[in-house]
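*Asks:* Structure incoming, see below.
Structure below.
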């Protein structure tokens, strides 16, 4: 079984196309300082902490600001955008989802294995930031079919009960059970309750990757999700803590497996776990 869409490129392909016009590399790391220590030649940096978020509202920048961002990065509307980053492309997948949600029509790719594979293979890096010429990127219109909001998730619970919908919790098993409210070695982000959304299936995001950061085969991924009842005929919503890990699972389900209806719940557990009047489930007891 092959992947549903042509959305992955190999590290070898990227190295061969470092100087190919129309191929643009964007590095997106969880550790935003990594880029300055060395990156693939020609790659520009996208800082998820400052580039994607509205400065005041708890929401993303508006489509016109996305156009400004891409213009600042020197991206033209017919360029092929190749995203990559650390930790098995964790945040690169987030950027892929964000750009798709923002209505970007450029061919989007992930470099399979991301930064870790590129570095492990001894491929070229540089500390020099490329000189790019700003462009006038065209207007964008959001694709709201890719994002789920809190009230939509609440309404979705009936579909989950009825067997036509699925919820995928991609956090760690201890977060899912309610034993902890955040990942090990990460800050607690103010979540008041531990647990998961009722009816959610626990499929940690990293189960989709190999040790070298590449994605598992299509057959392995299909078995992973179908084994938990998350099938292509269902309306699927993925979530985590702040939607970054679930973007990775969204990419697997929608782009690699070709599930037709997959949404990423941006609010995720930081919203759901704090919201008044929303149900949760726990599978962990202090007793």
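Residue numbers (full-length UniProt numbering): 1 to 287. Think of the CB as a built atom: it goes at the ideal place given N, C-alpha and C, for glycine as much as any other residue.
What do you reckon, are the CB atoms on residue 83 and residue 23 nearer than 7 Å?
*Replies:* Indexing the chain shown from 1 puts residue 83 at position 83. Indexing the chain shown from 1 puts residue 23 at position 23. No.
*Asks:* Counting C-beta neighbours from all protein chains within 10 Å, is the total for residue 290 16 or more, i.e. buried, or is it exposed?
*Replies:* In this structure the chain extends from 1 to 287, so residue 290 is not present and cannot be described.
*Asks:* Could you check how far apart the C-beta atoms of residue 194 and residue 282 are, in whole angstroms? I think they sit under 8 Å.
*Replies:* For this step, residue 194 is matched to residue 194 along the chain shown. For this step, residue 282 is matched to residue 282 along the chain shown. 7 Å between Cβ atoms; contact.
*Asks:* Determine the DSSP secondary structure at residue 67, reduced to helix, strand or coil.
*Replies:* Translated into the one-based positions of the chain shown, residue 67 becomes position 67. Residue 67: helix per DSSP, three-state reduction.
*Asks:* Could you give the residue range of the beta strand (DSSP E) that holds residue 239?
*Replies:* The residue labelled residue 239 in the question sits at position 239 within the chain shown. From DSSP, the beta strand (DSSP E) with residue 239 extends over 235–239.
*Asks:* Let me know if residue 126 comes out buried or exposed under the rule of 16 or more other beta-carbons within 10 Å of its beta-carbon.
*Replies:* Indexing the chain shown from 1 puts residue 126 at position 126. Residue 126 comes out exposed.
*Asks:* I'd like to check one pair, residue 148 with residue 230: are the Cβ atoms closer than 7 Å?
*Replies:* By one-based count along the chain shown, residue 230 stands at place 230. By one-based count along the chain shown, residue 148 stands at place 148. Against a cut-off of 7 Å, the Cβ pair of residue 148 and residue 230 comes out as no contact.
*Asks:* In the DSSP assignment, find the unbroken alpha helix (DSSP H) run with residue 11 in it and report its ends.
*Replies:* The residue given as residue 11 occupies position 11 in the chain shown. Taken as a continuous stretch (DSSP letters only), the alpha helix (DSSP H) holding residue 11 covers 11–16.
*Asks:* Three-state secondary structure (DSSP) at residue 89?
*Replies:* Against the chain shown, residue 89 aligns to sequence position 89. Note: residue 89 maps to helix in three-state DSSP.
*Asks:* Could you pull the start and end residues of the beta strand (DSSP E) that residue 169 belongs to?
*Replies:* Within the chain shown, numbered from 1, the residue matching residue 169 stands at position 169. From DSSP, the beta strand (DSSP E) with residue 169 extends over 165–169.
*Asks:* Should residue 290 be labelled buried (16 or more other beta-carbon atoms within 10 Å of its own) or exposed?
*Replies:* Any answer about residue 290 is impossible in this case: the structure gives the chain only from 1 up to 287.
*Asks:* Rounding to the nearest angstrom, what Cα-Cα distance links residue 93 and residue 253 in this structure?
*Replies:* Counted from its first residue, the chain shown places residue 93 at position 93. Counted from its first residue, the chain shown places residue 253 at position 253. Using only the alpha carbons, I get a separation of about 12 Å.
*Asks:* Does DSSP classify residue 158 as helix, strand or coil?
*Replies:* Along the chain shown, read from residue 1 onward, the residue named residue 158 stands at position 158. Helix at residue 158.
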